[in-house]
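Residue numbers (this note's numbering): 65 to 330.
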C-alpha cells in the first residue's frame with residue numbers, strides 16, 4: 065500500500081479513514097495525518113497512525129494526499145503545499161465548489177487530481193460519492209480512490225461537469241429527506257403517536273424504502289403503484305401531492321441546490 069496522507073482531520077476525514085481501515089483498503093502503518101489542531105490527532109496516535117509535524121513533512125512522506133480542509137482555507141493550504149509536493153503525488157479533493165483546474169492553477173503544475181463529492185451519511189458508512197478523474201491519473205489510482213469511498217457507501221464515476229448536479233442529487237438531498245421525515249414524524253405526534261414510536265416507524269420506513277428501491281428490479285413508478293391500492297390511504301395522499309404540485313416543488317428544490325453549486329464553483 066502507498067503512503068496516504070490527510071491534511072485537515074474533521075468529520076469527512078474521520079469517515080474516510082474509518083471506512084478505509086474497516087474495509088482493509090488502508091492500514092494504520094500506511095497513514096500519515098496532519099492538522100493544525102493537534103487535539104484532533106491524539107486518538108489516531110493510539111491506533112499507531114503516524115502524525116506529521118507540519119505540511120512539509122506530510123507532503124514529503126506521502127504518495128496520496130487527501131485535501132480534507134474547509135473551502136475558505138484551501139488556497140492558503142495549497143500555497144503552503146506547493147514547494148514541498150512531490151511531482152507524482154495523487155491529490156484527492158472533497159472540497160466543495162473547487163474545480164480540479166483551480167487546484168492545478170494554485171499548485172502551478174499539472175498535478176494528478178481526483179475530485180470527489182461525498183455526502184454526510186459517509187460518516188455512518190452509508191455515503192454516496194461522485195468521483196471525477198483528472199488528467200494523468202492512472203487506472204490503478206482511480207480504482208484505489210473508488211475502493212476508498214465504496215468502503216463507506218456507493219460511488220459513481222462521473223465527468224467533472226456533472227459534479228454540480230450531484231451536489232443537488234446526493235450532496236444536499238440528505239437534508240431534504242430529513243426535513244420530509246421530520247414533518248411526517250411531527251404529524252404522527254399530532255395524531256397521538258409518541259415521538260419515539262413515530263421516529264422509529266418513519267426512519268425504519270425510510271431505510272426499508274431505500275432497500276426496496278435498490279434491490280427491486282421494478283421502477284419507482286411501479287413500486288409506487290404496488291403500494292397505492294385503488295381507493296386506499298396511499299392513493300389519497302398521492303392525490304394531495306399531485307394537487308399541491310409536489311413533483312414541481314421537488315424539481316425547484318434540486319435546481320436551487322444545483323444552481324448554487326454552480327455559483328460557488330465560479
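All C-beta atoms, glycine included, are put in the ideal place defined by N, C-alpha and C.
Between the CA atoms of residue j and residue i - distance to the nearest angstrom
i	j	result
residue 76	residue 256	38 Å
residue 208	residue 214	10 Å
residue 119	residue 97	10 Å
residue 312	residue 245	19 Å
residue 161	residue 181	9 Å
residue 326	residue 138	18 Å
residue 82	residue 129	16 Å
residue 72	residue 99	5 Å
residue 228	residue 322	5 Å
residue 132	residue 157	7 Å
residue 307	residue 110	58 Å
residue 216	residue 202	22 Å
residue 309	residue 301	13 Å
residue 104	residue 168	28 Å
residue 258	residue 265	11 Å
residue 95	residue 80	12 Å
residue 330	residue 68	30 Å
residue 172	residue 273	47 Å
residue 107	residue 70	15 Å
residue 324	residue 317	11 Å
residue 283	residue 149	48 Å
residue 195	residue 225	11 Å
residue 319	residue 232	7 Å
residue 66	residue 247	47 Å
Unbroken beta strand (DSSP E) run spanning residue i, endpoints
i	result
residue 122	Looking at the DSSP string, residue 122 is not in any beta strand (DSSP E); the run it does join, the alpha helix (DSSP H), is 119-125.
residue 220	217-221
residue 69	68-71
DSSP beta-bridge partners of residue i
i	result
residue 188	Paired residues: none, contrary to the question.
residue 181	194
Alpha helix (DSSP H) segment containing residue i, residue limits
i	result
residue 96	Segment 95-98 is the beta strand (DSSP E) holding residue 96; no alpha helix (DSSP H) there.
residue 283	Looking at the DSSP string, residue 283 is not in any alpha helix (DSSP H), and its letter there is neither H nor E.
residue 304	297-307
residue 325	310-329
residue 85	75-86
residue 230	227-230
residue 212	203-214
Residue i beta carbon near the ligand HEM (any heavy atom closer than 7 Å)
i	result
residue 176	This structure simply doesn't include the ligand HEM, nor any ligand for that matter.
#### Entry: Inter-stretch contact (C-beta, 8 Å, three-pair minimum) for the region 88-96 and the region 143-162
No contact exists between the region 88-96 and the region 143-162.
### Query
Is there contact here, the region 176-188 with the region 76-85, by at least three beta-carbon pairs under 8 Å?
Three or more Cβ pairs drawn from the region 176-188 and the region 76-85 lie within less than 8 Å of each other, which places the two stretches in contact.
### Task
Starting from the N-terminal side, write out each stretch of the alpha helix (DSSP H) that is 4 residues or longer and does not extend beyond the region 101-175.
The region 101-175 contains these whole alpha helix (DSSP H) runs: 106-109, 119-125, 135-145 and 164-171.
### Message
Would the region 228-243 count as touching the region 167-179 if we require 3 or more Cβ pairs under 8 Å?
### Response
Fewer than three pairs of CB atoms, one per stretch, sit closer than 8 Å, so the region 228-243 makes no contact with the region 167-179.
### Query
Considering only residues of the region 250-281, which uninterrupted beta strand (DSSP E) runs meet the minimum length of 3 residues and lie entirely inside it, listed in chain order?
Qualifying beta strand (DSSP E) stretches: none in this window.
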